[in-house]
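Here the numbering used here is used: the first residue of the sequence shown is -3, the next is one more, and so on.
Structure, as structure tokens:
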Amino acid sequence: MSGECVTGGQMSGKALIVGSSVAGIRTAQSLRTEGWLGRIIVVGGEPHLPYDRPPLSKHMLTDRTEISPTPLLTKHEATSDNIELLLGTPAVGLDTTAKRVALEDHREVPYDHLIIATGASARPSPWGQMPGLHVLRGLDDCLGLRKALHGDASAGSGHLVVIGAGFIGSEVAAAARALNLRVSIVAPSAAPLVQSLGPEVGMKLTELHQRHSVETYFGCAVSSLTSSTDGIHVQLDNGTELSATSVVVGIGATPNVEWLKDSGLTLGDGVMCDEQGRASGRPDISAVGDVACWTMPQALASRRGEHWTRAVEQANLVSRRLCGNSIEDTDRHVDYVWSDLHDWKIQIVGQPRHCCRSEIVGEFNGAHTKVAVLYSDEEQRLVGGFIVNWPRATLLLRKATEQRSNARAARALIDAGIPHNSGSNVCR
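Now the structure itself:
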């Protein structure tokens, strides 16, 4: 059986999911929930049972006891849902005519429907590999970095240099400070996340790092990295030289599409899909998660979003489509991201980068910060929000962004009766 042949709202045939992170596993589970009757096979490149990735840059780095990753699917759950796991054997090729996926161990796995969920990889270090140099994307990366950080903390003389001030770089810096390590963070941007959130929020994030004794070198580029017996020497283009015991390179990620280069699928910034996840217009191939680049012309969501919630939403939508069940309007989906940085619980909804104006509700006040930044377009419709330590505001802003609410009305909802200082600014 091939394609999308629906029988009584339920599907049969073989569903092959390539990728064992959240997008792939949630697709497998959702297929069963939605009524898929046929085989479900999940191929994963890592040997580990499927695990959740967000904790890798947070508490898994700081916990002083031996801890295991948070499982996405246990052996018992896989058996109960009749989900077959082929782990530790990455896909290396796809034949869309024969409908087969080639694996690194020379096996070929046929499919009736293929779901591509191979995620993304950390962009490699431009300075090559050397002792003490780390990237962070998977469990093995986390365990190696954790060992280095805890070793430095025990010695009492460690210095971590983080290159890159996105979420991963900032979270690693915060985790290392929690271990009482000396930490420096370097990035060519003027402030963390300034392109996404604007200069004022970027400045507040800089102040957050500095308040927790992180040495910040923003507006600087790394000229060279050299390894020696006493660590890694980091030369900046402003003349500063930093001597580090460990360096983390967090300069973004690239979608894992190399194995698809001869498949005939349309590739760009990931696997190019329509608004329901069909790859290159093919009804028998879908893509979800970090590797997928969906067409979403009206939504306040980037075409390819590296977000946990986005992966889950796409997995659920594709599963419902394949099982012939109703699908909600994808134009109303908004991005949602969260991060724990020092003493701030940060949540971001929508696409703040699309704003023309921003307005602050609440107050930036160190450890006592409770604030929401509302981002709106030229018509004063809400396009996103940045929230710190304010769960109620997050819930309201997420709903208001989905509904394209008026920014002034959204503000009235979130700060009614709550004292605050506020201001408004014209964005970039």
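C-beta atoms are modelled at their ideal positions from N, C-alpha and C, and glycine is treated no differently.
It should be emphasised that the depicted structure is a prediction, and the values quoted were computed from it without experimental measurement.
Terminal residues of the beta strand (DSSP E) in which residue i lies
i, result
"L110", "H109 to I112"
"H205", "Element bounds for H205: not the beta strand (DSSP E) but the alpha helix (DSSP H), P195 to R207."
"P387", "Premise fails: P387 lies in the alpha helix (DSSP H), P387 to E398, not in any beta strand (DSSP E)."
"R178", "R178 to A183"
"K366", "K366 to S372"
"H155", "H155 to I159"
"E375", "Neither: E375 is in no beta strand (DSSP E) and is coded neither H nor E."
"T222", "V218 to S224"
"E104", "E104 to P106"
"S227", "The sequence given here has Gly at residue 227, not Ser. First-last of the beta strand (DSSP E) with G227: G227 to L232."
"Y213", "V210 to F214"
"A186", "Premise fails: A186 is in no beta strand (DSSP E) and is neither H nor E."
"S117", "A116 to A118"
"E237", "E237 to A240"
"W123", "Unbroken run through W123: none, as it is neither H nor E."
"I36", "I36 to G40"
"I13", "A11 to V14"
"A288", "A288 to W290"
Neighbour-count burial assignment, residue i, 16 or more Cβ in a 10 Å radius
i, result
"C338", "What sits at residue 338 in the sequence shown is His, not Cys. H338 should be labelled buried."
"I36", "buried"
"N421", "Because the pLDDT of N421 is 47, which lies under 50, any placement of that residue in the model is unreliable, and the number read from its coordinates should be weighed accordingly. Flag for N421 reads exposed."
"P120", "exposed"
"A412", "exposed"
"G277", "exposed"
"I323", "exposed"
"R407", "buried"
"M126", "exposed"
"P43", "exposed"
"N361", "exposed"
"G437", "Limits of the chain in this structure are -3 at one end and 424 at the other, which puts residue 437 out of reach."
"D108", "buried"
"A171", "buried"
"T225", "exposed"
"A11", "buried"
"E62", "exposed"
"G(-1)", "Confidence at G(-1) is low in this model, with a pLDDT of 42, below 50, so its placement is unreliable and the value that follows should be read with caution. Exposed, by the Cβ-count rule."
Beta-carbon gap between residue i and residue j smaller than 8 Å
i, j, result
"H146", "R178", "no"
"R316", "E30", "yes"
"A403", "E355", "yes"
"R133", "L57", "no"
"S239", "Q231", "no"
"R96", "V105", "yes"
"T75", "V14", "no"
"I281", "I21", "no"
"H205", "A169", "yes"
"V333", "I344", "yes"
"R300", "T291", "no"
"D286", "A116", "yes"
"G128", "A144", "yes"
"G40", "S64", "no"
Which listed residue (the options) has its alpha carbon closest to that of residue i
i, options, result
"D77", "T23, A183 and L256", "T23"
"P46", "L57, E80, L193 and G31", "E80"
"S166", "A151, I247, L232 and S220", "I247"
"V330", "S26, L393, P106 and E374", "L393"
"R377", "H130, T397 and E203", "T397"
"S185", "A171, L204, H205 and G162", "G162"
"V157", "V244, Q347 and V367", "V244"
"K366", "A311, T390, A217 and G124", "T390"
"C319", "P65, L27 and V333", "L27"
"S53", "L135, R299 and T92", "L135"
"K341", "D101, L139, G152 and L201", "L201"
"I159", "A217, G152 and L189", "A217"
"G380", "K10, G194 and H102", "G194"
"V210", "R349, L409 and N176", "N176"
"G346", "N385, T305 and T262", "T305"
"S8", "E203, P279 and L33", "L33"
"E375", "S401, A11, S192 and T241", "S401"
"S259", "T93, V18, L12 and T70", "T93"
"W123", "Q272, T222 and A288", "T222"
"E409", "M199, E271, N385 and A368", "In the sequence as displayed, the identity of residue 409 is Leu instead of Glu. Nearest C-alpha to L409: A368."
"R173", "D373, A187, P188 and S153", "S153"
Boundaries of the alpha helix (DSSP H) in which residue i is found, first to last residue
i, result
"D443", "What is shown of the chain runs -3 to 424, which leaves residue 443 out entirely."
"E30", "V18 to E30"
"T58", "H55 to T58"
"L409", "A403 to D411"
"V168", "F163 to A174"
Exercise for review: Pick out the complete alpha helix (DSSP H) segments inside the segment 301 to 357, 4 residues or longer, and give them in chain order.
Suggested key: 304 to 318
**Study point:** In chain order, each beta strand (DSSP E) run of at least 3 residues that lies wholly inside the segment 60 to 95
**Key:** 79 to 83 and 87 to 91
Exercise for review: For the segment 250 to 285, list the beta strand (DSSP E) runs that are entirely contained and at least 3 residues long, ordered along the chain.
Suggested key: 266 to 269 and 281 to 283
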